[in-house]
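*Asks:* In this note's numbering, the protein residues as written are 129 to 623. Built from N, CA and C at the ideal position, the CB exists for glycine as well. These figures come from a predicted structure and were not determined experimentally.
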């Protein structure tokens, strides 16, 4: 398989040369995203299903090889319950009914509805003429079109690609509210904030069985590539975000989000790119394929993530956690101090309960250059590691957290964190390690980078000793406490 096609000799027998079939594949070398292609034909000379070049852009990093894959919408492959083939030319749908016995008919009349609409509610205004006070309240919204084959873009420096659409699509608003709605069986994104939005509130909604992300935001910057704008870009994706064409001061609160990423696996409860000063408070999210919350860049900063419950994330993928971030690109804003700067304001992650089961690498996966995070007074259960700060990540402060039942207190890559991080702090944490004599790396001089503070941490493992040397006497090691004591520590942290 390549981005151009799939060598599949059995496709010689496909009717209509496989036209209209779809191929879905996980990224090779790690399940980070899925890509979906539409088949346009079959080359008999080399037994290759040919892909529509406008499809397959769902993964931000792209790929040249695949791992697990499947093909659908092929008549000759309809041999299991719930498989289908849509004969577009004949206007006929073939469906293998999920019956209790082979060949049995449905026990009651069936109603089939074809979805044709991407957005159920849409407003597109401008910064100069925004819609003010728009409110969507108390509605059930369902049955939008699947959009994972729509063109995707790279919102910023992170790994994710995104389609700019949603069942509720808002651009050019001030004070918009989406509240007490039930968003279900939406095959694309749920609520999408595009470009200029100020003080939007998404609160007290339930989102379930969503094809992509429940809620997402994606702003614009400018077309200027340099200070005097003598070099211009064809799209507003330059480094200067001072024009304000972004979602800012958004509140995502007290929502229940479950069963998301049905079609697009690179999806979250909340995704943001080129977006700043977001508050995520009091949300409950479980059952998603990737990170529950994803910050695709460090634009502006000033975000707050507090009192959320995240569980059962990273169920179908890997190398992620309930929270994930990247920071590979500098952006100019005035958020930090009121004057132009590429330094973002501090982001705060506090008072959250995150259960990092399935394939979570860390509870807080501050990946690839992430910086200016304060992570404190959280209860982090499970995951392979604690704090992460890699690929020249810096200025991350983790303190007064409880890391329970982890392999170690920091890493992927713990060693990378110790060698490349700068101005990082790991203090006053409790670390309950799933190991005999591990869970903590050496804090001694020479093993740590510039301006790293590791102090007053409590480490617990099975034997109450460490294989590595500790130089700061305030870092202590003891035997594992009872589970009830661990729970008490965690509840005290988030009280």
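1) Run through the region 332-415 for me and flag every whole beta strand (DSSP E) of 3 or more residues, listed as ranges in chain order.
2) Inspect the CB distances between the region 177-186 and the region 149-166 and report whether three or more fall short of 8 Å.
3) Of the residues 434, 252, 226, 569, which one's Cα is nearest the Cα of residue 297?
4) Between the Cα of residue 398 and the Cα atoms of 341, 462, 447, 432, which residue gives the shortest distance?
5) On the DSSP letters alone, give me the boundaries of the beta strand (DSSP E) that residue 483 sits inside.
6) Locate the beta strand (DSSP E) running through residue 299, then write down its first and last residues.
7) If we define contact as Cβ-Cβ less than 8 Å, is residue 374 a contact residue for chain B?
8) Looking at residue 382: is its Cβ nearer than 8 Å to the Cβ of residue 410?
9) For the region 232-291, which segments carrying the beta strand (DSSP E) assignment without a break, of at least 3 residues, lie completely within its bounds, in sequence order?
10) When you compare only the Cα positions, how much space is there between residue 133 and residue 256?
11) For residue 155, which beta-bridge partners are listed by DSSP?
12) Bridge partners of residue 589, per DSSP?
13) Give the straight-line distance between the Cα atoms of residue 393 and residue 145, rounded to the nearest whole angstrom.
14) Give me whichever residues DSSP pairs with residue 143 in a beta bridge.
15) Thinking C-beta only, is residue 618 closer than 8 Å to residue 451?
16) Quick check: the region 585-601 against the region 477-492, are at least 3 beta-carbon pairs closer than 8 Å?
17) Classify residue 225: buried if its beta carbon has 16 or more other beta carbons within 10 angstroms, exposed otherwise.
18) For the putative contact between residue 453 and residue 498, defined by C-beta atoms under 8 Å, what is the C-beta separation to the nearest angstrom?
19) Could you say if the region 369-386 and the region 344-354 meet the contact criterion of at least three C-beta pairs nearer than 8 Å?
20) So, helix, strand or coil for residue 456, using DSSP?
21) Can you find the residues in the same chain that come closer than 6 Å, C-beta to C-beta, to residue 434, ignoring five residues on each side of it along the sequence?
22) Restricting to Cα atoms, I'd like to know which of 199, 188, 189 is closest to residue 177.
23) Less than 8 Å separating the beta-carbons of residue 333 and residue 317?
24) Using a Cβ-Cβ cutoff of less than 7 Å, which residues in the same chain neighbour residue 446 once the five nearest sequence positions on both sides are dropped?
25) Which residue or residues does DSSP assign as beta-bridge partners of residue 325?
26) Could you tell me whether the Cβ atoms of residue 369 and residue 389 are closer together than 8 Å?
27) What's the gap between the Cα of residue 210 and the Cα of residue 235?
28) Could you pull out every residue in the same chain whose Cβ sits closer than 7 Å to the Cβ of residue 565, ignoring the five residues on either side in sequence?
29) Need the endpoints of the beta strand (DSSP E) that residue 448 sits in, please.
30) On the DSSP bridge list, what partners appear for residue 526?
31) Which residues share a DSSP beta bridge with residue 150?
32) Between residue 146 and the ligand GDP, is the CB less than 7 Å from at least one heavy atom?
33) Using a Cβ-Cβ cutoff of less than 6 Å, which residues in the same chain neighbour residue 607 once the five nearest sequence positions on both sides are dropped?
34) Let me check one thing: in DSSP terms, what residues is residue 160 bridge-paired to?
35) Just to confirm my understanding: we take residue 201, look at its own chain, exclude 5 residues before and 5 after, and list those with CB closer than 8 Å. What are they?
*Replies:* Short version:
1) 334-338, 343-346, 379-381, 384-388, 398-401, 407-409, 412-414
2) yes
3) If you number the chain shown from 1, residue 297 lands on position 169. Nearest of 434, 252, 226, 569 to residue 297, Cα basis: 252.
4) On the chain shown, residue 398 is found 270 positions in, with the first residue counted as 1. Among 341, 462, 447, 432, the Cα nearest to that of residue 398 belongs to 341.
5) Walking along the chain shown from the start, residue 483 turns up at place 355. Element bounds for residue 483: 481-484.
6) Looking up residue 299 in the chain shown gives position 171. Its beta strand (DSSP E) spans residues 296-302.
7) Checking the listed chains, one finds no chain B in this structure; it contains a single protein chain.
8) As a working note, residue 382 is residue 254 in the chain shown. As a working note, residue 410 is residue 282 in the chain shown. Taking 8 Å as the Cβ cut-off, residue 382 and residue 410 qualify as a contacting pair.
9) 249-252, 263-265, 268-272
10) By 1-based counting over the chain shown, the position of residue 133 is 5. By 1-based counting over the chain shown, the position of residue 256 is 128. Rounded to whole angstroms, residue 133 to residue 256 spans 45 Å at the Cα level.
11) Taking the first residue of the chain shown as position 1, residue 155 is located at position 27. Note: residue 155 sits in a beta bridge opposite 194.
12) Reading the chain shown from its first residue, position 461 is the one you call residue 589. Beta-bridge pairing links residue 589 to 607.
13) Reading the chain shown from its first residue, position 265 is the one you call residue 393. Reading the chain shown from its first residue, position 17 is the one you call residue 145. Each residue's Cα considered, the two are about 28 Å apart.
14) Start at 1 with the first residue of the chain shown, and residue 143 comes out as number 15. According to DSSP, which records beta bridges pairwise, residue 143 is partnered with nothing at all.
15) As a working mapping, residue 451 is identified with position 323 in the chain shown. As a working mapping, residue 618 is identified with position 490 in the chain shown. Taking 8 Å as the Cβ cut-off, residue 451 and residue 618 do not qualify as a contacting pair.
16) no
17) Stepping through the chain shown from its first residue, residue 225 is reached at position 97. By the neighbour-count rule (16 or more Cβ atoms within 10 Å), residue 225 is not buried but exposed.
18) Locating residue 453 in the chain shown gives position 325, where the first residue counts as 1. Locating residue 498 in the chain shown gives position 370, where the first residue counts as 1. Correct: roughly 5 Å between the Cβ atoms.
19) yes
20) One-based indexing of the chain shown puts residue 456 at position 328. Of the three classes helix, strand and coil, the one that applies to residue 456 here is coil, per DSSP.
21) By one-based count along the chain shown, residue 434 stands at place 306. Closer than 6 Å at Cβ, skipping near neighbours: 409, 478, 479.
22) Numbered from its first residue, the chain shown carries residue 177 at position 49. Comparing Cα positions, the closest option is 199.
23) Locating residue 333 in the chain shown gives position 205, counting from the first residue. Locating residue 317 in the chain shown gives position 189, counting from the first residue. Contact: no.
24) Working through the chain shown from its first residue, we reach residue 446 at position 318. Answer for residue 446: 158, 159, 487, listed in chain order.
25) Numbered from its first residue, the chain shown carries residue 325 at position 197. Partner(s): 301, 375.
26) Locating residue 369 in the chain shown gives position 241, counting from the first residue. Locating residue 389 in the chain shown gives position 261, counting from the first residue. Cβ atoms of residue 369 and residue 389: not closer than 8 Å.
27) The count along the chain shown starts at 1 and reaches residue 210 at position 82. The count along the chain shown starts at 1 and reaches residue 235 at position 107. Answer to the nearest angstrom: the Cα atoms are 16 Å apart.
28) Position 437 of the chain shown, counted from the start, is the residue given in the question as residue 565. The answer, listed in chain order, is 589, 591, 593, 594, 595.
29) Sequence index remark: in the chain shown, residue 448 carries index 320 (1-based). Run containing residue 448: none; DSSP gives neither H nor E here.
30) One-based indexing of the chain shown puts residue 526 at position 398. Paired residue(s): 503, 554.
31) Locating residue 150 in the chain shown gives position 22, where the first residue counts as 1. According to DSSP, residue 150 bridges with 166, 200.
32) By its list of ligands, the structure shown contains no ligand whatsoever, and the ligand GDP lies outside what it can speak to.
33) By 1-based counting over the chain shown, the position of residue 607 is 479. Closer than 6 Å at Cβ, skipping near neighbours: 592.
34) Your numbering for residue 160 matches position 32 in the chain shown. Paired residue(s): none; residue 160 is not in a bridge.
35) Position 73 of the chain shown holds residue 201. Closer than 8 Å at Cβ, skipping near neighbours: 148, 149, 150, 212, 213, 214.
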